[in-house]
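Residue numbers (my numbering): 3 to 151. Even glycine gets a Cβ: it sits at the ideal position worked out from N, Cα and C.
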Amino acid sequence: MHEYFKKFGFGFFWGGGFIVASLLVFALYMVFGERKVSEIAEEFYRADMLEQLNEKWIINYDIEVLNIYKLENQLRITASVQSHSDELSYIPRTAFDVFSSDGDFITKCNYSYNRSTAIENKIVYLEATCDVSALQAEQANYAVGEFIF
């Protein structure tokens with residue numbers, strides 16, 4: 003009988019040690035691992051939301067470059083953004099890729115916009131300005147507008 007209690011006590015301490023080790027591993031996971039898993043999940047969620055927003059902008063907005071004005075060391079690009087949505091929405095960030103007549107990329111112009119400008123099913127006119135060299139301004143022939151994030 004004495005041997006039985008000795009084995010029981012020995013097994014009890016082995017089990018207790020296993021539980022303590024398991025709790026320690028679980029606590030370390032909760033402190034370090036869960037935070038990282040949360041960050042990764044949030045990053046995937048943010049990327050998915052940006053993709054959905056991008057698709058919405060592509061469907062709801064059309065951008066058309068109207069003119070490129072060549073100044074000495076500057077390009078001014080005028081464009082129109084047409085909203086096809088009945089929802090009140092803000093103008094997306096817009097960039098213009100400028101190309102030469104040969105199709106060579108010259109520069110990228112970003113449009114700085116006023117976030118308080120909300121549009122609903124109408125046309126908004128934009129003017130983007132970018133500093134370039136005199137040679138780049140001379141070579142600029144056409145631009146393509148795109149929405150950026």
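Report the option in F10, S135, F7, V146 whose CA atom is closest to the CA atom of L73. From the listed residues F10, S135, F7, V146, the smallest Cα separation to L73 is found for S135.
According to the neighbour-count rule (16 or more other Cβ atoms, all chains shown, within 10 Å of its Cβ), is E77 buried or exposed? It should be noted that the sequence gives Leu, not Glu, for residue 77. Flag for L77 reads buried.
Thinking just about the alpha-carbon of each residue, which of E41, Y63, S87, F98 is nearest to the one in R112? Rather than Arg, the amino acid found at residue 112 in this sequence is Asn. That would be F98, whose Cα lies nearest to the Cα of N112.
Chain C contact for A139 (CB, 7 Å cutoff): Here there is only one protein chain, and chain C is not present.
Counting pairs of Cβ atoms below 8 Å between the segment 55-68 and the segment 78-87, do you hit three or more? yes
Does the segment 93-110 touch the segment 132-146, meaning 3 or more C-beta pairs lie closer than 8 Å? yes
Helix, strand or coil, according to DSSP, for I150 in the structure here? strand
On the DSSP letters alone, give me the boundaries of the alpha helix (DSSP H) that S40 sits inside. 36-62
Residues bridged to A145 (per DSSP): Looking at the DSSP output, A145 shares a beta bridge with V100.
Take A145 as the anchor and find which of L68, F34, N123, N75 has the nearest alpha-carbon. L68
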